[in-house]
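Residue numbers (our numbering): 665 to 962.
Printed below as a string of structure tokens:
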């Protein structure tokens, strides 16, 4: 069943409230999927710096001393900010691959949730309210974000199996539905060198969009291509560094509602996810059409 939400801010004065607004939207969707939850927040651009959001089953052990060990491994000026089972490592923008390699050597049990200049991803097994509290999401600011609460149907209930899925820099996706051609697509995308960490069909959708955008397409164009190349039932909400997109399959059996004002664009699996947004009473509210791409960009 799953519940998905998204919020793209046009009004900069709302940016300090992004985490709080998105968290409330996601918690409202708890009964659509109580096994795991996650949120991606797009924050301020760090210019020549990049961020890797990492997760560990043993954070006290794995995060201890990691900054010094990364620096000793040649990752100059690496710094780490732990948040419960996750942490954000900040490095030079050209050191993401080297940091991944160093982590695989130094801490093989650590998993990278996402990378980029502005994106942070936090996800865990458990209810949305617990995930939100654990990672202090309500305190976070940013320009846009997406969230997901999961009812597993295609794979195991694990942290890695939770959404959002990220397979490219500052790119992530949440999904309600299931894909029927994900195994063939996985093989094709793996041959293209796109990294996937799980057997989840939704991660294949994220990887597909990464591959299309690597060809020079923007998010809107990549989502249009997905309508031809992805088989199954899906509602996707997708974030990039500057963009926010939504698409439903041609049958559109998964519920979805959108709202737009001069201050924001919002998405929810159900309208109740949107009811407490500021100015919602004056918003244009609609159900996204089947096989239609909706795309906004800063």
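Note that CB positions come from ideal geometry on N, CA and C, so glycine has one too.
For the alpha helix (DSSP H) assignment, the uninterrupted runs of no fewer than 4 residues enclosed by the region 793-880 are, from N- to C-terminal side, 846-855, 865-878. Between the region 672-685 and the region 769-783 there are fewer than three C-beta pairs closer than 8 Å, too few to call the two in contact. Classified as buried, residue 700 has 16 or more neighbouring CB atoms from the shown chains inside 10 Å of its CB.
With fewer than 16 other Cβ atoms inside 10 Å of its own Cβ, residue 961 counts as exposed. Per DSSP, residue 757 lies in no beta strand (DSSP E) segment and is marked neither H nor E.
Note that the region 811-828 does not touch the region 724-736; fewer than 3 beta-carbon pairs, one per stretch, sit closer than 8 Å. Contact check for residue 959 against residue 672 fails: the beta carbons are separated by 8 Å or more. Unbroken beta strand (DSSP E) stretches of 3 residues or longer found wholly inside the region 674-717: 700-706, given in chain order. Rounded to whole angstroms, the Cβ separation of residue 873 and residue 886 is 5 Å, and the two are in contact under 8 Å.
DSSP, read as helix, strand or coil, puts residue 749 in coil. Contact check for residue 742 against residue 753 passes: the beta carbons are separated by less than 8 Å.
Per DSSP, reduced to three states, the secondary structure at residue 730 is helical.
Judged by DSSP secondary structure, residue 888 falls within the alpha helix (DSSP H) whose first and last residues are 883-893. Counting along the chain, residue 958 sits inside the beta strand (DSSP E) bounded by residues 957-961. With 16 or more other Cβ atoms from the protein chains shown falling within 10 Å of its own Cβ, residue 835 counts as buried. Judged by beta-carbon spacing, residue 684 lies within the 8 Å limit of residue 802, meaning their Cβ atoms are closer than that value. Shown here, residue 788 sits in a strand according to DSSP, grouped into three states. If you draw a straight line from the Cα of residue 669 to the Cα of residue 763, it is about 31 Å long.
Distance from the CA of residue 890 to the CA of residue 777, rounded to the nearest whole angstrom, comes to 23 Å.
Fewer than three beta-carbon pairs drawn from the region 841-854 and the region 929-939 are found closer than 8 Å, and the two stretches are therefore not classed as touching. For residue 929, the number of other beta carbons within 10 angstroms of its own is at least 16, and it is reported as buried. Membership of residue 780 in the beta strand (DSSP E) is indicated by the continuous run 775-780.
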